[in-house]
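Trainee: Heads up, the sequence shown is in numbering that gives the first Met the number 0, so the first residue is 0 and it goes up one at a time. Got a structure for you, questions after.
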Amino acid sequence: MEKLKTKDGSETLFNPLFKEAYHSIKAGAFTESLYKFVYPCGIDKLAERKNSIKILDVGFGLGYNVASAVYVASQTDKNSKLDIISVEIDESILTKLNLVNYPLQLKPIIKEILKGKVSEFKIGKETYKVYEANSNKFSLKIIFGDGRNILKNLAEERYLFDAVFYDAFSPKVNAEMWTLDIFNIVFKLMTKEAILATYSAALSVRKALLDVGFKIGLVEPVGRKSYSTVATKGGEIPPLPEKEKIRIKTSPYACVMRDKTLSTPREIIYNNWLKEVEMRKKLFPQSL
Ligand SMILES: C[S@@+](CC[C@H](N)C(=O)[O-])C[C@H]1O[C@@H](n2cnc3c(N)ncnc32)[C@H](O)[C@@H]1O
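Written as structure tokens, this is what we have:
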């Protein structure tokens, strides 16, 4: 698997199946974790207020977001403990962590993660393969399978999280994780104050987050021009600028991806969305 050096010196990998890198090369893998996920979700503030913080990590990948959250929380309050559930489709992901030379701050945390064990985990009636790792700073369960199915079962069992790192590959190649239907489920999994953070600036994603009932806000860009996105029911997030509200109302791209059965193949979800965009372009040519 091809190793890539990112702008801040931290390393990432290129995923040949999705044809994307796990992190933004221009922003930096570690920087991206901190400034698009950990701080926008307010993990530092949560660590000041709570002893135990429940995090939902969608797309464990190389574990940067998880390890950065543990790092920031322990810097803020030595006694804080993170209770993390990650979902991940790639059962071979942990072998990929061994290929990466992590930043010094994250190395000891990744080492703790790699001491974990595989077992089974029941959510409702379904049993999943799980990788579990524990330390005095965190407890981590990486649940393996299609995120759609795992999140649906977690919601049915009324799991609730204080923060959500939403980090699938891009909507173009990983459409199943960016639909209105999956965000409907994620909405149910969050406490009132919880913040979801994602690197995505896609209009389809912002529209879907709004349509399921979140308020959304924008986060200062790192390594590119576009702002990333945060969503919450009633927590504190930066405002959504008027200009962006207008784009979401008028752009032909601001229509949602759909996956009513939560089992539609990703290519079909994406192609259906493209067709709708083309139709909207003809209907509203002036708003391109
Ligand atoms: C951009 S990477 C995540 C990077 C990671 N958050 C980190 O901090 O290193 C996206 C991850 O989502 C996983 N993924 C893609 N589709 C998925 C799905 N349907 N269900 C669960 N995980 C999925 C991929 O295997 C990949 O590991």
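From the three backbone atoms N, C-alpha and C, an ideal C-beta is built for every residue, glycine too.
How is the beta strand (DSSP E) around Ser262 delimited, first residue to last?
Mentor: Counting from 1 along the sequence shown, the entry for residue 262 is found at position 263. No beta strand (DSSP E) contains Ser262, which DSSP labels as neither H nor E.
Trainee: Under DSSP, the alpha helix (DSSP H) around Val204 begins and ends at which residues?
Mentor: Locating residue 204 in the sequence shown gives position 205, counting from the first residue. Looking at the DSSP string, the run of the alpha helix (DSSP H) that includes Val204 is 202-210.
Trainee: Going by beta carbon distance, what residues of the same chain come within less than 7 Å of Glu47, once the five residues before and after it are set aside?
Mentor: Your numbering for residue 47 matches position 48 in the sequence shown. Hits under 7 Å: Thr75, Asp76.
Trainee: Within 10 Å of its beta-carbon, does Lys35 have 16 or more other beta-carbons around it, so buried, or fewer, so exposed?
Mentor: As a first step, residue 35 is located in the sequence shown; it is residue number 36 there, counting from the start. Buried.
Trainee: Where do the N-terminal and C-terminal ends of the alpha helix (DSSP H) with Val71 fall, by residue?
Mentor: In the sequence shown, counting from the first residue as 1, residue 71 sits at position 72. Start and end: 63-75.
Trainee: For ligand 1, is there a heavy atom less than 7 Å away from the beta-carbon of Val86?
Mentor: Against the sequence shown, residue 86 aligns to sequence position 87. Val86: yes, Cβ under 7 Å from ligand 1.
Trainee: Report back the beta-carbon spacing between Leu61 and Thr11 to the nearest angstrom; my notes put them in contact at under 8 Å.
Mentor: For the purposes of this step, residue 61 is taken as residue 62 along the sequence shown, with counting starting at 1. For the purposes of this step, residue 11 is taken as residue 12 along the sequence shown, with counting starting at 1. Correct: roughly 7 Å between the Cβ atoms.
Trainee: What are the boundary residues of the beta strand (DSSP E) that includes Leu105?
Mentor: The count along the sequence shown starts at 1 and reaches residue 105 at position 106. Looking at the DSSP string, Leu105 is not in any beta strand (DSSP E), and its letter there is neither H nor E.
Trainee: Strictly by DSSP, which residues pair up with Leu43?
Mentor: The sequence position of residue 43 within the sequence shown is 44, counting from 1. According to the sequence displayed, residue 43 carries Asp and not Leu. DSSP, once it has assigned bridges, lists no residue as partnering Asp43.
Trainee: Check whether the Cβ of Gly222 lies closer than 7 Å to any heavy atom of ligand 1, and answer yes or no.
Mentor: If you number the sequence shown from 1, residue 222 lands on position 223. False, no ligand heavy atom lies under 7 Å from that Cβ.
Trainee: What whole-angstrom Cβ distance do Arg205 and Ile215 have, given they're in contact under 8 Å?
Mentor: For the purposes of this step, residue 205 is taken as residue 206 along the sequence shown, with counting starting at 1. For the purposes of this step, residue 215 is taken as residue 216 along the sequence shown, with counting starting at 1. Contact flag correct, Cβ pair sits at about 6 Å.
Trainee: Could you please give me the residues that DSSP links to Tyr34 through a beta bridge?
Mentor: Indexing the sequence shown from 1 puts residue 34 at position 35. Answer by DSSP bridge pairing: none, since Tyr34 is not bridged.
Trainee: Are the CB atoms of Ala174 and Ile268 within a distance shorter than 8 Å?
Mentor: Locating residue 268 in the sequence shown gives position 269, where the first residue counts as 1. Locating residue 174 in the sequence shown gives position 175, where the first residue counts as 1. Yes. Within cutoff.
Trainee: With which residues is Asn133 paired in a DSSP beta bridge?
Mentor: For the purposes of this step, residue 133 is taken as the residue at position 134 of the sequence shown. Beta-bridge pairing links Asn133 to Ser138.
Trainee: Report back the beta-carbon spacing between Lys2 and Ile24 to the nearest angstrom; my notes put them in contact at under 8 Å.
Mentor: Within the sequence shown, numbered from 1, the residue matching residue 2 stands at position 3. Within the sequence shown, numbered from 1, the residue matching residue 24 stands at position 25. With 8 Å as the limit, Lys2 and Ile24 do not qualify as a contact, their Cβ atoms being about 12 Å apart.
Trainee: Have a look at the DSSP bridge pairing and note the partners of Ser227.
Mentor: For the purposes of this step, residue 227 is taken as residue 228 along the sequence shown, with counting starting at 1. The partner list for Ser227 (beta bridge, DSSP) reads Val218.
Trainee: I need the DSSP call for Glu10, collapsed to helix, strand or coil.
Mentor: One-based indexing of the sequence shown puts residue 10 at position 11. Note: Glu10 maps to strand in three-state DSSP.
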